[in-house]
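A quick write-up on the structure given underneath.
Residue numbers (this note's numbering): 4 to 147.
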């Protein structure tokens, strides 16, 4: 089984535009927008109501429609970064990153060794995925 591709990351790497919808807080909303062909869904965890309790269902809805799930978290803490990824998010937006060291902290929290320090949780992301660590490292997107 392959890890689902991060469509937004691949399009950006190819120099293409990514169309992302935001303000969705319910999986049913994502299902309504799914057929419209958006590339990604922005889950607002800094200024909006999305929290860790919601992420699993929201990201599953994104997966069903082939949309990348991108979540803005509220702090540059490794535990928050990897927790969001463990819950299914494919992209992390970290606000208020102003230095190289702060950016490196984001990557350390979101990448598995040898690129980072992310710990392993047996979430649905890795079930049956060969070379999960390498694949997850390749598919994860950080925006600072």
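We treat Cβ as the ideally placed atom computed from N, Cα and C, and that holds for glycine. This structure is a prediction, so every number in the text was calculated from the model and none was measured.
Label residue 103 either buried or exposed according to how many other C-beta atoms from any shown protein chain fall within 10 Å of its C-beta, with 16 as the threshold for buried.
Translated into the one-based positions of the chain shown, residue 103 becomes position 100. By the 10 Å Cβ count, residue 103 comes out exposed.
Best match in 33, 61 and 10 for proximity to residue 18 [C-alpha to C-alpha]
Counting from one through the chain shown, the residue named residue 18 turns up at place 15. Among 33, 61 and 10, the Cα nearest to that of residue 18 belongs to 10.
Can the beta-carbon of residue 153 be found closer than 7 Å to that of residue 138?
Residue numbering for the chain in the displayed model covers 4 to 147; residue 153 lies beyond these limits and cannot be assessed.
From which residue to which residue does the beta strand (DSSP E) around residue 47 run?
Here residue 47 is taken as the residue at index 44 of the chain shown, counted from 1. Element bounds for residue 47: 43-47.
Excluding sequence positions up to five away, which residues of its chain have a Cβ less than 7 Å from the Cβ of residue 34?
Stepping through the chain shown from its first residue, residue 34 is reached at position 31. Taken in chain order, the residues that qualify are 64.
Check for me: the beta strand (DSSP E) holding residue 145 runs from which residue to which?
Residue numbering aside, residue 145 sits at position 142 when the chain shown is read from its first letter. It spans 144-146 - the beta strand (DSSP E) in which residue 145 sits, taken as one unbroken run.
Collapsed DSSP secondary structure at residue 84 in the structure displayed
As a first step, residue 84 must be located in the chain shown, where it is residue number 81. Reduced to three states, the DSSP call for residue 84 is helix.
Is residue 96 helix, strand or coil by DSSP?
The residue you call residue 96 lines up with position 93 of the chain shown. Looking at residue 96 - three-state DSSP - the assignment turns out to be strand.
Return the chain-ordered list of same chain residues with a C-beta closer than 7 Å to the C-beta of residue 7, the five sequence neighbours on each side being excluded.
Numbered from its first residue, the chain shown carries residue 7 at position 4. Closer than 7 Å at the Cβ level, and outside the excluded window around residue 7, lie 66.
Do residue 41 and residue 22 count as a contact pair if the criterion is CB distance below 7 Å?
The residue given as residue 22 occupies position 19 in the chain shown. The residue given as residue 41 occupies position 38 in the chain shown. Yes, these two residues count as a Cβ contact at 7 Å.
CA nearest to the CA of residue 129, picked from 100, 108, 71 and 88
As a working mapping, residue 129 is identified with position 126 in the chain shown. The candidate whose alpha carbon is nearest that of residue 129 is 88.
I think residue 92 touches residue 62, with their Cβ atoms under 8 Å apart; what is that distance to the nearest whole Å?
Start at 1 with the first residue of the chain shown, and residue 92 comes out as number 89. Start at 1 with the first residue of the chain shown, and residue 62 comes out as number 59. Confirmed, Cβ separation roughly 6 Å.
I need the boundaries of the beta strand (DSSP E) containing residue 75, first residue and last residue.
Residue 75 sits at position 72 when you count from the first residue of the chain shown. For residue 75, the enclosing beta strand (DSSP E) starts and ends at 71-75.
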